[in-house]
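Take the sequence shown: its letters are residues -1 to 278, numbered as in the working numbering.
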Amino acid sequence: MKKIIILLCTFSGSAFAVGVPSGCKYEESTIHELNLLELPATIEAGWNLYRAPSFYTVVEFLRSLPGINSSSSAKLSGPTYLLRNQSYRFKTDLEVGNPNDMLRDVAYYNSERGRLGNDRSNWDSNSYFNLAFNSTYGAGLVWSTVSDECSAKGVIVQDMPKMEAVKNPYGDKYEVKIDFELDQFSEAALDPNVPVIVGVTTKSDYFSGGTKRVTKAIYNAENQLTGSAVVRMRFSMGGGPYYVEAFMNDGNYGQTKKLGMVMVPGEPTRPPSCPTCNKN
-1 MKKIIILLCT FSGSAFAVGV PSGCKYEEST IHELNLLELP ATIEAGWNLY RAPSFYTVVE
59 FLRSLPGINS SSSAKLSGPT YLLRNQSYRF KTDLEVGNPN DMLRDVAYYN SERGRLGNDR
119 SNWDSNSYFN LAFNSTYGAG LVWSTVSDEC SAKGVIVQDM PKMEAVKNPY GDKYEVKIDF
179 ELDQFSEAAL DPNVPVIVGV TTKSDYFSGG TKRVTKAIYN AENQLTGSAV VRMRFSMGGG
239 PYYVEAFMND GNYGQTKKLG MVMVPGEPTR PPSCPTCNKN
């Protein structure tokens, strides 16, 4: 197996704290090889994003990040899309059934701070570590080492999406207009095959179990960061009070907004499809 040695430079005052050890192995002749060699500059660009908002020049690289994973017998895994200032659990799998891989010290690093700490592998040859990115915005790297084994995983650090929603009567139905703004490093912003999911949940205050959800999938083929959708719904339990909530999701993270109570005229009815819907 070919070893691709990634020389990760140390930038003065930059996000890239230390270099990845040369023992990190990557699959032979992957399409990500060139991008891996460009990774230091990419992470540096993410660090400087607020001063240089032209970071979209590396959008193709960011789309390929989920495929950048090492192929040594020590395998690091964890989420690809991370929120800034949030802690996430990463796992290093060592060789299952090998007694030499039990109770070994595994060191964890990220491209923002360098070495973060250690965790000892358990009797199942697994090690776990919680880590966060606080200053990175865009591309980052996480890696773990155990003796001469090294495993690395590319990550994308983003902020939460934003959402506003307004409900209005629409004949015998209600409609909710949902406006959203994606973070530019969210999965839905970077991948046109990942839709933004918007929707509305209604819950009858008269019948327990009387909850209905209506959703729409919005594909972001033109990489627009803002959008809107109108969701219309009927109230499935007839008349009576309903609580309405709007929501959206960018592929990994979302927002919800409580829109209050709606009083629907008429008598409440239990639908045949919901025998467990009992009166409160």
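All C-beta atoms, glycine included, are put in the ideal place defined by N, C-alpha and C.
Practice item. Whole angstroms is fine: what's the gap from glutamine 253's alpha carbon to aspartate 146's? Key: 43 Å
Review point. If you check the beta carbons only, do aspartate 91 and serine 123 fall under 8 Å apart?
Key: yes
Check your understanding: Given glutamate 185, which residues of its chain have a CB within under 7 Å of its CB, disregarding the five upstream and five downstream residues?
Key -> Tyr79, Val192, Asp248, Gly249, Asn250
Review point. Going by beta carbon distance, what residues of the same chain come within less than 6 Å of lysine 73, once the five residues before and after it are set aside?
Key: Asp91, Ser149
Practice item. Mind checking which residues open and close the alpha helix (DSSP H) that includes leucine 188? Key: 185 to 188
Point to revise | Which residues DSSP lists as bridging glutamine 253, in chain order | key: Met246
**Study point:** Buried versus exposed call for methionine 259 [16 or more other C-beta atoms within 10 Å across all chains shown]
**Key:** exposed
Exercise for review: Please state whether DSSP places valine 228 in a helix, a strand or coil.
Suggested key: strand
Review point. Exposed or buried, what is leucine 180 when buried is set at 16 or more other beta-carbons lying within 10 Å of its beta-carbon?
Key: buried
Exercise for review: Out of Phe233, Glu265, Pro159, Pro167, point me to the one whose CA is closest to arginine 82's CA.
Suggested key: Pro159
Practice item. For methionine 235, name the three-state secondary structure that DSSP assigns. Key: coil
Exercise for review: Kindly indicate the opening and closing residues of the beta strand (DSSP E) around methionine 161.
Suggested key: 160 to 168
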